[in-house]
Each structure stands twice: as C-alpha cells, then as structure tokens.
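A short worksheet on the structure shown next.
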Amino acid sequence: MIISELTLVTDAGIDLKPPPYALNHKDTLEYHWGKHHKGYVNNLNKQIEGTELDGMSLENIILASYNKGDVLPAFNNAAQVWNHDLLWESMKPGGGGGGKPSGELLELINRDFGSFESLIHEFTLAATTQFGSGWAWLVYNDKKLVLGYHVGRQLIIVYSFCYLGFK
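For the sequence shown, the positions run 120 to 286 when my numbering is used.
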C-alpha cells in the first residue's frame, strides 16, 4: 500500500494528512502513521465536533485549547496531530535528507555555534537528554540561531505565536 495516496477526512474537519512520500516500511512508518497519527486525528475530531473549536484550523485549535497554559482536553490530541504532521514533513525518504547546509544558513551556524559539527553535537544533546518525550529545534531568534526544547506536550507553535503576540 502506498500511504501517500490516502487522506482521511472526518466530519469535524481535521484531516489525516498523508506523508509527502510513500511509506515503504510497513512495520514502522506505516504503522506509526496509520495507527498513532490516525488515532490522534480521530480522537481530536470526536472532541471538537459540535464545539466552538469545530471548523477552526489545527493551529487555531492548538492556540485556543492551550488556554494560556490551563490546557483544555482537545489540546493533547491537537498537539500530537501537529507534531506528527511536522514529523512527516521533516523527513525525507531513503535517507536522502540531512547533510551539511550551504550558503547563509551555514554562515549563521558557524557564527553562532562555531561549526556545523558543534551544532550537531549540541542539538543531539538537547534532543536526547530529555526525560520522557520532548522536542528539540533550531530557531532564528533575535538575529541569532539558538536551540530550543520542551518536554512533553509543549509545542513550538504555542511559544512562537505567543511570542509574536498571537495569544
């Protein structure tokens, strides 16, 4: 089965997006997309159907259900849908992604981390030294590249939108 040909649309309107490539590893990627990711989408749609969140974009559901840190029930499923959408969009099939960047990005990495190798080392530490689940990311903030991370259900989108004034 080629997953990239499928899209699940439910009544409440949040779709299970297919990855942008075929998932050829049935025991891992297809299972993760077809079970875990699909479960978050289905559960979210059940939670929001007929509520004020129904009809909102995924990002707006996240921001509304984050509720200034006093999270509403839909937040966890919405956060996981967003996290998984980002996951699939961030990977490349066949190990064709990654590698050393070039141009302005490499210049910024060298300026702010000393070298690409140093960035990889610091990023790996940020991502692998968290207890339980969590996320690490590279961001451009105040004209500088920095590493960010949060443990558990925290999302970069919440902090990005709140930082930019979209509360």
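Glycine is no exception: its CB is placed at the ideal position from the N, C-alpha and C atoms.
Stretch pair the stretch 190-203 + the stretch 152-170: three plus CB contacts closer than 8 Å: yes
Exposed unless 16 or more other CB atoms sit within 10 angstroms - verdict on S184: buried
The stretch 186-202 touching the stretch 163-177, judged by at least three CB pairs closer than 8 Å: yes
G132 beta carbon less than 8 Å from that of D173: With contacts defined by Cβ atoms closer than 8 Å, D173 and G132 form a contacting pair.
Cβ shell of F285 (< 8 Å), same chain only, five flanking positions each side left out: Low local confidence applies: a pLDDT of 34 at F285 is under 50, so the model's placement there is unreliable, and no value is given.
Member of N196, L224, A197 whose CA lies at the smallest distance from the CA of K262: It is L224 whose Cα lies nearest to the Cα of K262.
Own chain residues within Cβ distance below 7 Å of L257, not counting five before or after: F242, L264, L266
Own chain, CB closer than 8 Å to Y268, minus 5 neighbours either side, in chain order: Setting aside the 5 residues that flank it on each side, Y268 is surrounded in the same chain by A245, A246, Q249, G253, W254, A255, W256, each with a C-beta closer than 8 Å to its C-beta; the list follows chain order.
Reduced DSSP category for V190 - H, G, I as helix; E, B as strand; rest coil: In the structure shown, V190 sits in coil (DSSP, three-state: anything other than H, G, I, E or B).
Nearest-angstrom Cα separation, counted from G222 out to F235: 12 Å
Through-space distance from S209 to I180, alpha-carbon basis: 22 Å
Candidates Y259, W207, H240, L227: closest to A141 by CA position: Out of Y259, W207, H240, L227, W207 has the C-alpha closest to the C-alpha of A141.
D130 to N161 span [Cα, whole Å]: In this predicted model, D130 has a pLDDT of only 47, less than 50, meaning its place in the structure is not dependable; the value taken from the coordinates is given anyway. Just so you know, the alpha carbons of D130 and N161 end up roughly 10 Å apart.
Helix, strand or coil at L135 [DSSP, three-state]: strand
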